[in-house]
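Participant: One structure is given below, represented as structure tokens, and several questions about it will come after.
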Amino acid sequence: MVDLEKVFYSMRDAVLKADQEIMKYYSTQMYDVVKKKDGSPVTNADLSSNNVIRKTLVQDEAISYLSEEEKDDISRLKNDYVYIVDPLDGTEDFLACDDSFSVNIALVKNGVPLIAFIGLPTMDAYCYAIKNRGAFFVKDGKEERLHVSDKKENLTIVMSMTHTLKEEEDIILKHKDKITNIIKAGASVKAYLIASGKADVSIRYTDKTKEWDTCACDLLVKESGGIFVDTRLKTFTYNRRDVRNHKGYCMFNREENFSLLK
């Protein structure tokens, strides 16, 4: 029997420690960079964060572990529970020193996120969400409940800091009567902006993201009252054999704004 309360607190501790570990590298700019097979960068900050998270999370044979920075053990599919982790989401943003990167840790049961934490290292803060219990932002020991905006006009859209596709730019041009503001943000910072009502929509057509990029965001946005779907308006399931999000992903504050996809 998985002790979810114990798991929750271990996830909180893991995200706090990972944030601190990443900032050690970020503040000194002392890190090594190598390219993965897919051409994306990885640093020793990514790897060190993963090690800290691994050591801090509750270890239970009933919970598998899926991380961007570890070889995928497909035996995870046999377990109902899995941690889905991106120990440094937005490595390119980290390297660009734009402050827009995060730490993603989620617990999934039978394909559905139950608990999610998103660390925001440069803000010295984090967000968390619990299924059916809401989403929260925590800084300096103070906890604030998150809720999406209710806007249908004068929308703020969040775009990627480093990767923007023509299809995404076309949406802004086509709907300039509704979209009046653009924010650029990296990694899961986009989800925080949607969940907190600071932005209203984000549409990503990229097929490059994977489960660890979206899982924690998914629960955070939903528990703040928003909607998290792919570009075909299909909901996500997690702990899949194929971890790539082939149809991109979207975050909306409300259903009425689905019309931006048309």
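The opening residue of the sequence shown carries number 607 in my numbering; numbering runs sequentially from there.
Glycine residues also receive a C-beta, built at the ideal position from the N, C-alpha and C atoms.
What are the residues that DSSP puts in a beta bridge with Leu846?
Facilitator: Looking at the sequence itself, residue 846 is Arg, so the reference to Leu does not match. DSSP lists no partner for Arg846.
Participant: Nearest to Val613 by alpha carbon, out of Leu663, Ser654, Phe858?
Facilitator: With distances taken between Cα atoms, Val613 lies closest to Leu663.
Participant: Pick from Thr770, Leu826, Thr728: whose alpha carbon is nearest that of Arg739?
Facilitator: Nearest C-alpha to Arg739: Leu826.
Participant: Since I believe Asp699 is in contact with Met767 (beta carbons under 8 Å), could you give me their beta-carbon distance rounded to a whole number of angstroms?
Facilitator: Between Asp699 and Met767 the Cβ distance is about 6 Å, and since that is below 8 Å, they are a contact.
Participant: Measuring CA to CA, which of Gln665, Gly696, Lys677, Glu667 is closest to Tyr632?
Facilitator: Ranking Gln665, Gly696, Lys677, Glu667 by Cα distance to Tyr632 puts Gly696 first.
Participant: Report the residue from Arg838, Lys772, Asp783, Ile809 whose alpha carbon sits nearest the alpha carbon of Ile789.
Facilitator: It is Ile809 whose Cα lies nearest to the Cα of Ile789.
Participant: Kindly list the residues whose CB is nearer than 7 Å to the CB of Thr815, restricted to its own chain and excluding five residues on each side of it in sequence; keep chain order.
Facilitator: Result list for Thr815: Asn851, Tyr855, in chain order.
Participant: Figure out for me which residue from Leu867, Ile721, Leu761 has the closest Cα to the Cα of Phe742.
Facilitator: Out of Leu867, Ile721, Leu761, Ile721 has the C-alpha closest to the C-alpha of Phe742.
Participant: My parser needs the alpha helix (DSSP H) runs of 4 or more residues fully inside the stretch 746–820; what are they?
Facilitator: Qualifying alpha helix (DSSP H) stretches, in chain order: 772–780, 795–801.
Participant: Going by beta carbon distance, what residues of the same chain come within less than 6 Å of Lys745, once the five residues before and after it are set aside?
Facilitator: Same-chain partners within the cutoff: Ala731.
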